[in-house]
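Take a look at the structure set out below.
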């Protein structure tokens, strides 16, 4: 394509609101433009890259045995009421009325629509398992859209759904999708981890998130420095075993700690480390008040608490409730002498401590020489804390490290949540009605594009992996006013184009500096510059990623380009 | 693909609400399913066909020099207020609020968004002309969605826009698009006409609609039986010249016509033909009352009236206004002795009449022996009637015939309407600011799919053109319980698949009758049936369109299929 005829508005400066590299570079290089907060248009360069990612996704979905379909963005409210999500999805779901005052949702996801389609179409076990997918814009009214394509309100997504006869069959579909997802992100050139994630309230069992490692990611991953174990930090169990203290138990004492509120202040005041104090936090677990006790240097993981109680809702108790129950506020809590209607649970680490400090449930006082078991009773010792860097990996191999990740994919065993609510059943081989078992599988296609840029850029612009770039070759004529340069560049462009190589040709009458800067921004893998030595039939070839450059005879260019890409 | 694993829910009966063939067959054959009134999902077979049409559109757009981009469906109201269409577009535009109560439109079309993008990106004549397009779901809240994909509320559209320096340059872009559209619809195998259309209120100049000829079309086309002239019926000028009557003028007489209200009743009562009466209709043209007079057998074309007056609004006068002006109601109107504040205009045909009848502006009375010119004055004789079958074609070649058409494409010279309202300017080669000149070009992609079915079906199902069909070959194993049939069919499927031929394989354990009926419904061009002679390695090949069938050795199948498609 000739650049002079294309809509590629490059910018010299970063947009004011663009905090991260992918946002800055995609806007500056003319790939995307914001239409409204969190809503973007993909300009021709952006559309091409998006299509390359789409094509990879499509190929891997087809290979996994999923069939493409296309559902509507307009979804009748009735379907969301059937599943129960019309009320629970909240204000992220964009809603509207048609001219007859019928309520619709704009597709944020398509579980309801596909479940209704399949329940009306499939009656027999003979048609199961079924896997379908679509690639389509989704709408979610994010409270705080930001980071360009990473957190938008309209974005391109691949969503897939499996319908299975049984949980065993779901496991198979899930594994197929898991492999397909690994292939997709590998082919996109991404450094990623498949991470054990929280299945939330959907009643699902397994779920993994595919996380691209990146400093700008909003999630923290705990991964093994040795194996491929990785989990969202809140999901990683602590498998560490603790040594019992060999200290002799001393006598329990109450001591004044005037004006010392935080764990750190109390520890400093009493002259010991954080790990020699107990952290006590009051929760309300469904209707039960629970005091959770951990070692002072540990953080309570409320998802573990929720799972321990198999609870629906876990929240911090209010300070008012706490005062009523214990006669004191948050700064002075401790497990000694708590009333019977408060359950005490403690992290494993607590069990092995001796002669530690805790709040005395009295403003300005702490106990010292507290010994668990002797001085307070617990309902249970269990795993209640967040994993930390250096902890042993839960799979027994190596130690935990932390990294930040951008979630680009999510595979999820939905189980029977939707099928039950929406009555999706089939007849088994005995003619008996059974509930379908479902899985759902998403890839953020436009977000993946941004994640690629986060991993592929340098100080001058984007450095696309070769099979993701919008074009393979960028031809520049340095000074098209010089006849010999223009002729040679025109000729090269035609030759490359006619051999099926994807070429962008900068034929603009702009200064060489502008052309080089734009070219670096775009990030096309190979640049061929037609300049001063055009008269001799010699051009310059430069690799965008490595910066390596060389001079070439014009006649050798096609072979060089072909070979270069066949090696990639 | 194996049919047993695909979502292709066929139906034996037509859906109750499906009035036309494309709607009936696409639902019955499992290509589409309704989600809400006018809102459809494309199931896997439908998605494949849609993609084939998309690909043809994409190729022709690229060839025409347009670049693909993708704008958002969410469009801020501010842009529509700038263009003025927020108020004028009416209730077809779907509107919603985000969580911060900001107003948005759901993209019904993208003139506003693209104009805003281009005005912010392009400053110089050097970057013009520019042509861009996208293929994307559009939203229009039709008052009465019907006919399946023909009139939906969410539908797939290709929309393209050109930005030009001048009207001459716009003409070139328009011609390029016109040719591309002709190519698209030819490649889709459609019998269509490019039809001169009404440019409406957009201030545009030329506009053509691409109409697929079909009895179920909602528009009537007037076309020449000899040349390629075609126009929407209201746009075709009448170029007929009329002979003067050679009758001697007789004396004007008023005669009683009690209880005769319609033209036909009066003509019968007075014993003459419709063509010997004058039809007189009162209009309000902007603020002026106008009596339009045509020959009794002709129909008034109000678009011609509007154009004659260069008016903004043309509407029928109310009966109340008419009584006030002429002292009588609609049944007795005529041009003799009308008051001065009513202008009389007449169709060319009226001028040459003699001794005809007209209403006497008096309940129950008509004039006979009326002679135009002698008995009433007209402001002008002009072309005011609808063209009729048999009239000479406006291009001077042949005579007019009528046909009904489905609008599948529209090319439109927008001119400066949007660029002026939204301030899209560029600097010309003298450094002077100029307003951009725009064109807009639409193809209803999903509607095109339905139009193809309207032209390609028989009593048993769809009969796709070979390059539009979802698959090239449909392999049926008649009785897969018989090992030899299953083995041969499996083998054929693998062979065809591995040579890159698109195969659907009916591997289901269903009765032969069910399989044949489904196969006919689907409309895949070639069917290969593995049946009784499987043991001898012999299969049956059948062409869907012609019904021609033949037996073939298994070993000859691949060559046969390849040759068949290379000839298509």
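Chains as they are written, first to last, in the UniProt record's numbering: chain A, 1 to 568; chain B, 1 to 568.
Where a beta carbon is used, it is the ideal one built from N, C-alpha and C, also for glycine.
Given the structure is predicted, the values throughout are model-derived calculations rather than measurements.
C-beta neighbour in chain A for residue i, strict 8 Å
i, result
"residue 165 of chain B", "no"
"residue 474 of chain B", "no"
"residue 141 of chain B", "yes"
"residue 65 of chain B", "yes"
9 Å Cβ cut-off: residues of chain B touching residue i
i, result
"residue 154 of chain A", "72, 73, 74"
"residue 35 of chain A", "71, 72, 74, 75, 76, 79, 113, 116, 117"
"residue 404 of chain A", "Neighbours of residue 404 of chain A on chain B: none; closest Cβ ~27 Å, over 9 Å."
"residue 177 of chain A", "Chain B residues near residue 177 of chain A: none, gap ~15 Å exceeds 9 Å."
Interface flag, residue i vs chain D, CB-CB below 8 Å
i, result
"residue 5 of chain B", "Among the protein chains in the structure shown, which are A and B, there is no chain D."
Within chain B, partners of residue i - CB distance below 8 Å
i, result
"residue 40 of chain A", "72"
"residue 126 of chain A", "4, 508, 509"
"residue 132 of chain A", "7, 44"
Interface partners of residue i on chain B, CB under 7 Å
i, result
"residue 137 of chain A", "73"
"residue 68 of chain A", "44, 47"
Counterpart residues of residue i in DSSP-defined beta bridges
i, result
"residue 630 of chain B", "An answer regarding residue 630 of chain B cannot be provided, because it is not within the stretch 1 to 568 covered by chain B."
"residue 358 of chain A", "A/367"
"residue 382 of chain A", "A/347"
"residue 462 of chain B", "B/457"
"residue 232 of chain B", "B/221"
"residue 138 of chain B", "B/155"
"residue 506 of chain A", "A/476"
"residue 559 of chain A", "Paired residues: none, contrary to the question."
"residue 256 of chain B", "B/365"
"residue 392 of chain B", "B/399"
"residue 208 of chain A", "A/196, A/411"
"residue 106 of chain A", "A/74"
"residue 438 of chain A", "A/163, A/415"
"residue 67 of chain B", "B/132"
"residue 316 of chain B", "B/283"
"residue 533 of chain B", "DSSP output for residue 533 of chain B lists no bridge partner at all."
Proximity test, Cβ basis, 8 Å: residue i and chain B
i, result
"residue 99 of chain A", "yes"
"residue 168 of chain A", "no"
"residue 96 of chain A", "yes"
"residue 182 of chain A", "no"
"residue 214 of chain A", "no"
"residue 244 of chain A", "no"
"residue 91 of chain A", "yes"
Listed by chain order, chain A residues near residue i by CB distance under 9 Å
i, result
"residue 149 of chain B", "By Cβ distance, chain A contributes nothing, its closest Cβ being about 12 Å from residue 149 of chain B, past 9 Å."
"residue 121 of chain B", "7, 8, 9, 30, 33, 43"
Along the stretch 506-524 of chain A, where does the CB come closer than 8 Å to a CB of chain B? Name the residues.
Within the stretch 506-524 of chain A, the residues whose Cβ lies closer than 8 Å to any Cβ of chain B are, in chain order, 508, 509.
Listed in chain order, which residues of the stretch 15-34 of chain B have Cβ atoms closer than 9 Å to some Cβ of chain A?
Residues 30, 33.
Worksheet item: Is the stretch 119-137 of chain A close to the stretch 66-75 of chain A, with three or more CB pairs under 8 Å?
Response: Enough Cβ pairs lie closer than 8 Å, so yes.
For the 8 Å Cβ check, are there 3 or more pairs between the stretch 204-223 of chain B and the stretch 394-406 of chain B? Cβ pair count under 8 Å is three or more, so yes.
Discussion item. I want to know whether the stretch 409-427 of chain A touches the stretch 113-122 of chain A - three or more CB-CB distances under 8 Å.
Written reply: The stretch 409-427 of chain A is in contact with the stretch 113-122 of chain A.
Exercise. Could you say if the stretch 74-81 of chain B and the stretch 102-110 of chain B meet the contact criterion of at least three C-beta pairs nearer than 8 Å?
Key: Taking a contact to require three or more Cβ pairs closer than 8 Å, the stretch 74-81 of chain B and the stretch 102-110 of chain B qualify as touching.
Is there contact here, the stretch 51-60 of chain A with the stretch 241-252 of chain A, by at least three beta-carbon pairs under 8 Å?
Segments in contact, no.
Item to check | Three-pair Cβ contact test at 8 Å for the stretch 340-360 of chain B versus the stretch 274-284 of chain B | outcome: These segments touch.
Touching by the beta-carbon criterion (3+ pairs, under 8 Å), the stretch 365-373 of chain B and the stretch 181-195 of chain B:
Contact between the stretch 365-373 of chain B and the stretch 181-195 of chain B is absent: fewer than three C-beta pairs spanning the two stretches fall below 8 Å.
query: Taking one C-beta from the stretch 13-30 of chain B and one from the stretch 458-475 of chain B each time, how about it: are there three or more such pairs within less than 8 Å?
result: A contact exists between the stretch 13-30 of chain B and the stretch 458-475 of chain B.
Worksheet item: Is there contact here, the stretch 342-355 of chain B with the stretch 370-388 of chain B, by at least three beta-carbon pairs under 8 Å?
Response: Yes, the stretch 342-355 of chain B is in contact with the stretch 370-388 of chain B.
Notebook entry, point to check: Is the stretch 498-510 of chain A touching the stretch 531-548 of chain A in the sense that three or more CB pairs, one from each, lie closer than 8 Å?
Noted result: In the pairwise beta carbon analysis, the stretch 531-548 of chain A is classified as not touching the stretch 498-510 of chain A: fewer than three pairs are separated by under 8 Å.
Check your understanding: Does the stretch 152-164 of chain B touch the stretch 30-43 of chain B, meaning 3 or more C-beta pairs lie closer than 8 Å?
Key -> Short answer: they touch.
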